[in-house]
Amino acid sequence: MRAIWKGFVSFGLVTIPVNVGIAQDRKDPSFRTLVRETNRPVKQKRWDPDRDVEVQPEDTVKGWEAGKGRYVLVEEEELARFAPRQEKTVQILQFVELPEVDPVFFEKAYWLEPQDRAERPYALLVAALERTGRAAIGRFVLSTKEHLVLLRAVDGVLTLQTLYYPEDVRTDVQAEIRGRIEGVEVAQAELDIAEQLVTGMTRAFDASEYVNETRRALLEMLEAKAEGQDVVAPEAQAEPAPVVDLMAALKASLAAAQASEGAEQERKAS
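According to my numbering, the residues represented by the sequence shown are 14 to 283, in order.
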């Protein structure tokens, strides 16, 4: 594993030397902006729109927008005074029941790998988290930024999940949406069928069952173009029609789910 950070996980008097590596890496195709006539990449320049000239790096400064069009200039040495202290420890602050941490706070995940001769305390923490069903809340500094983190055991491996702070989560939007549906009554018959539909479509999660269809189609098109082949455009997907009769839609959905489940069971039995 390529480590982007090396340090320690500390809880109580136990210290575990670990390496931190990225757990997620999007595989979407990346594109460059080219000049159509020459097929050469376009170079991005720092440009001063008022003087219509290119600006050199030494002539730039950071600015914080205090109001529309009004900026406070900030020098690098000023920012350095407020940078978090570079520590080499993920300090565990407390342990929590994992369901208490809403996934809306999840930001980015990293794998934690034990350094040499640290396998025993690492395995001990994994086992303790798995047996108790709990996770750890901690803090650490990565790339000059302080992060609130969640440590949990995933299939026998420690995962470090950076968390958004409460002020980063748009609770105002959440409240606005909640206000729109507050007081909306749900018919008992509709709820009964909806529960049947949810139950009928419930099965164990297996990530390998899911494929990014858009990415696959795009890559197939790009590979075909690279080989000089004709490209067949995918058929446009029809937009779903608005639900006019909610009960009828629920019944049709339940029937389709039951038929799909029956076909899946027959496939497994054959």
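For glycine and all other residues, C-beta sits at the position ideal for the given N, C-alpha and C.
| field | Residues bridged to P9 (per DSSP) | value | The question about residue 9 has no answer here: the residues shown for the chain are numbered 14 through 283.
| said: If you measure between the beta carbons of W124 and V162, is that distance less than 8 Å? | reply: By one-based count along the sequence shown, residue 124 stands at place 111. By one-based count along the sequence shown, residue 162 stands at place 149. No, these two residues do not count as a Cβ contact at 8 Å.
| request: Kindly identify the DSSP beta-bridge partner or partners of V165. | output: Residue 165 sits at position 152 when you count from the first residue of the sequence shown. Note that residue 165 is Arg in the sequence shown here, rather than Val. T172, per the DSSP bridge assignment.
| Three-pair Cβ contact test at 8 Å for the segment 41-51 versus the segment 149-164 | no
| query | In this structure, what does DSSP give as the bridge partners for D61? | reply | Here the question's residue 61 lines up with position 48 in the sequence shown. For D61, which the question treats as bridged, DSSP gives the partners V66.
| When you compare each of L92, G82 and R64 to K75 by their alpha carbons, which one comes out closest? | Working through the sequence shown from its first residue, we reach residue 75 at position 62. When each option's Cα is compared against that of K75, the closest is L92.
| Length-filtered (3 minimum) beta strand (DSSP E) runs lying within the segment 62-122 | 75-80, 83-87 and 102-110
| field | heavy atom of the ligand GDP below 7 Å from L125 C-beta | value | Annotation note on the ligand GDP: not contained in the displayed structure, which lists no ligands.
| request: Within its chain, find whatever has a CB closer than 7 Å to the CB of V33; leave out the 5 residues flanking it on each side and keep chain order. | output: For the purposes of this step, residue 33 is taken as residue 20 along the sequence shown, with counting starting at 1. A16, I17, W18, Y123, L125 and L173, listed in sequence order.
| Residue closest to S23, alpha-carbon to alpha-carbon, out of T102, A282, E71 and E279 | Counted from its first residue, the sequence shown places residue 23 at position 10. Closest option to S23, Cα to Cα, is T102.
| With distances taken from CA atoms, which of D63, E67 and P62 is nearest K56? | For this step, residue 56 is matched to residue 43 along the sequence shown. That would be E67, whose Cα lies nearest to the Cα of K56.
| task | Since I believe G146 is in contact with E110 (beta carbons under 8 Å), could you give me their beta-carbon distance rounded to a whole number of angstroms? | result | Counting from one through the sequence shown, the residue named residue 110 turns up at place 97. Counting from one through the sequence shown, the residue named residue 146 turns up at place 133. Right, their Cβ atoms sit about 7 Å apart.
| request: Going by CA-CA distance only, name the one from D219, D205 and A220 that's closest to G213. | output: On the sequence shown, residue 213 is found 200 positions in, with the first residue counted as 1. Checked all of D219, D205 and A220; the closest Cα to G213 is D205.
| field | Straight-line gap, G52 to K238 (C-alpha atoms, nearest Å) | value | Numbered from 1 along the sequence shown, position 39 holds the residue referred to as residue 52. Numbered from 1 along the sequence shown, position 225 holds the residue referred to as residue 238. As written in the sequence, residue 52 is Asn, which differs from the Gly given in the question. Rounded to whole angstroms, N52 to K238 spans 15 Å at the Cα level.
| message | Along the chain, where does the alpha helix (DSSP H) containing A268 start, and where does it finish? | response | Here residue 268 refers to the residue found at position 255 of the sequence shown. Segment L259 to A282, the alpha helix (DSSP H) holding A268.
| Buried/exposed call for I194, threshold 16 Cβ in 10 Å | Stepping through the sequence shown from its first residue, residue 194 is reached at position 181. Its Cβ having fewer than 16 others within 10 Å, I194 is exposed.
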